[in-house]
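The structure appears right after this line, and notes come after that.
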Amino acid sequence: MTTPRTEDVVFTRLKKVTDRVCRYESHKQFLNDCVRNNIIPKGFNLKWKMDLPLNEAETERITDVLRNASFSLISEGLAICERILVETQETKREYTSQLESLLSKTQFSKVQKELQMLVLKTEVELQRTKKKKIRNLKETSVTAENVIRRNRGPPCDVHLPTDNRNTQQQEVVTNLSKKRLTAVQLALLSRGLKFVPTRRNIDKGKLITDLAAWERRMRLKEYFFTEEEEDAPPEMDKPYRKKKPSTWTPKAGRDKWLDAYIKAVKEDVIAGLNRNFKLNITNEEERAMKELLSDDEIVIRPADKGSGIVVMDRDEYVRKLHGEMSDSATYEEVPGDRTRTVQNSSSSATLQSSSSFWTP
Numbered sequence: 087m088t089t090p091r092t093e094d095v096v097f098t099r100l101k102k103v104t105d106r107v108c109r110y111e112s113h114k115q116f117l118n119d120c121v122r123n124n125i126i127p128k129g130f131n132l133k134w135k136m137d138l139p140l141n142e143a144e145t146e147r148i149t150d151v152l153r154n155a156s157f158s159l160i161s162e163g164l165a166i167c168e169r170i171l172v173e174t175q176e177t178k179r180e181y182t183s184q185l186e187s188l189l190s191k192t193q194f195s196k197v198q199k200e201l202q203m204l205v206l207k208t209e210v211e212l213q214r215t216k217k218k219k220i221r222n223l224k225e226t227s228v229t230a231e232n233v234i235r236r237n238r239g240p241p242c243d244v245h246l247p248t249d250n251r252n253t254q255q256q257e258v259v260t261n262l263s264k265k266r267l268t269a270v271q272l273a274l275l276s277r278g279l280k281f282v283p284t285r286r287n288i289d290k291g292k293l294i295t296d297l298a299a300w301e302r303r304m305r306l307k308e309y310f311f312t313e314e315e316e317d318a319p320p321e322m323d324k325p326y327r328k329k330k331p332s333t334w335t336p337k338a339g340r341d342k343w344l345d346a347y348i349k350a351v352k353e354d355v356i357a358g359l360n361r362n363f364k365l366n367i368t369n370e371e372e373r374a375m376k377e378l379l380s381d382d383e384i385v386i387r388p389a390d391k392g393s394g395i396v397v398m399d400r401d402e403y404v405r406k407l408h409g410e411m412s413d414s415a416t417y418e419e420v421p422g423d424r425t426r427t428v429q430n431s432s433s434s435a436t437l438q439s440s441s442s443f444w445t446p
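Residue numbers (this note's numbering): 87 to 446.
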């Protein structure tokens with residue numbers, strides 16, 4: 087019987103502990119999402135039946151007790167999950183350090199690449215499973231709102247960030263323009279500039295084209311990747327030469343982990359087309375969004391400090407920009423475009439500062 091090499095044993099253990107880290111992180115995120123969506127998972131949904139007739143007030147009080155107890159269990163579950171996750175991450179670091187001491191630099195780099203692909207594949211599968219669980223919980227109406235027939239948030243002892251945007255619209259949005267914003271427009275802007283409304287219709291043809299282009303980029307990166315390029319010092323930018331665009335794509339089968347990752351991502355995206363997504367924007371908010379986008383008299387910008395949003399008159403905004411640029415103490419007018427000169431100087435300085443790290 088052949089005794090396995092030490093590095094093989096350590097690598098096998100590292101793969102297992104890496105998989106556990108991914109699953110603990112996914113479970114923690116699932117519980118966080120449940121609390122934020124006011125959902126009680128089936129394993130935490132406490133039930134109790136009393137063999138006595140209850141009136142409506144008594145039933146409501148008992149429901150509140152069960153609901154609060156369920157969220158308290160979720161809070162305890164999050165704390166336990168966090169502890170186990172920290173311990174597992176420490177074990178992972180120990181195995182990684184041990185494996186690095188047993189392998190050469192090139193071998194260890196290949197191992198890291200394989201682990202990264204394993205993590206990506208696992209995360210895609212777990213994300214898909216988590217979304218399905220959340221969707222099923224919502225469909226079966228296992229929420230506090232449907233249990234007690236009124237809209238409440240999670241108890242205060244569950245220490246998670248709450249969404250108070252409806253009561254903080256005036257603090258989030260600062261209107262410095264002459265335009266009077268409606269309540270719907272304020273509610274829409276209070277969601278933030280990164281808010282993405284759900285599309286009513288999806289261009290499937292464009293989606294397939296984008297997936298094919300993404301797959302080609304991933305396969306080209308894998309095809310032209312070499313250890314020498316990764317370990318080489320940064321080079322100066324070469325003179326720009328316009329090349330004829332190529333449509334060549336490396337064939338599948340070169341890297342099993344990359345093939346598995348690409349397949350999982352494409353299947354997840356395609357499967358999402360058949361799901362019935364709930365719109366995250368009302369008809370009134372959609373009309374308000376179109377009105378704000380088509381209004382050329384105002385400018386909507388993020389605040390310089392904090393996470394607020396500022397609405398200004400376009401003329402006033404342009405005037406302030408001109409005033410800022412005309413400040414000779416801050417800006418200096420130069421003849422011509424010096425972008426290329428600045429880029430070359432920056433590249434040269436970067437090369438010189440990093441050369442010491444690459445000199446043996």
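No residue lacks a Cβ here, since even glycine has one placed at the ideal position from N, Cα and C.
query: Which listed residue (ASP382, ARG286 and GLY409) has its alpha carbon closest to that of MET398; result: ASP382
query: Coarse secondary structure for ILE125, derived from DSSP in three states; result: strand
query: Helix, strand or coil at MET398 according to DSSP, with G and I counted as helix; result: strand
query: Rounded C-alpha distance that separates THR260 from VAL151; result: 41 angstroms
query: Short Cβ contact (8 angstroms threshold) for LEU164 with LEU223; result: no
query: Residue burial classification, TYR347 (beta-carbon count within 10 angstroms, cutoff 16); result: buried
query: Best match in SER158, ILE220, THR192 and ASP137 for proximity to ILE125 [C-alpha to C-alpha]; result: ILE220
query: Sub-8 angstroms separation of ARG302 and THR335 beta-carbons; result: yes
query: Check whether ILE160 and PHE194 have beta carbons under 8 angstroms apart; result: no
query: Segment limits, alpha helix (DSSP H) that includes ARG303; result: 290-310
query: From LEU344, GLY291, PHE310 and PHE97, residue whose alpha carbon lies closest to that of LEU189; result: PHE97
query: Residues near SER112 by beta carbon distance below 7 angstroms, same chain, minus five either side; result: LEU212 and LYS216
query: Reduced DSSP category for ILE170 - H, G, I as helix; E, B as strand; rest coil; result: helix
query: Element boundaries [alpha helix (DSSP H), containing THR192]; result: 191-225
query: Strand pairing of VAL259, partner residues [DSSP]; result: ILE395
query: The stretch 304-311 / the stretch 355-368 touching (three or more Cβ pairs under 8 angstroms); result: no
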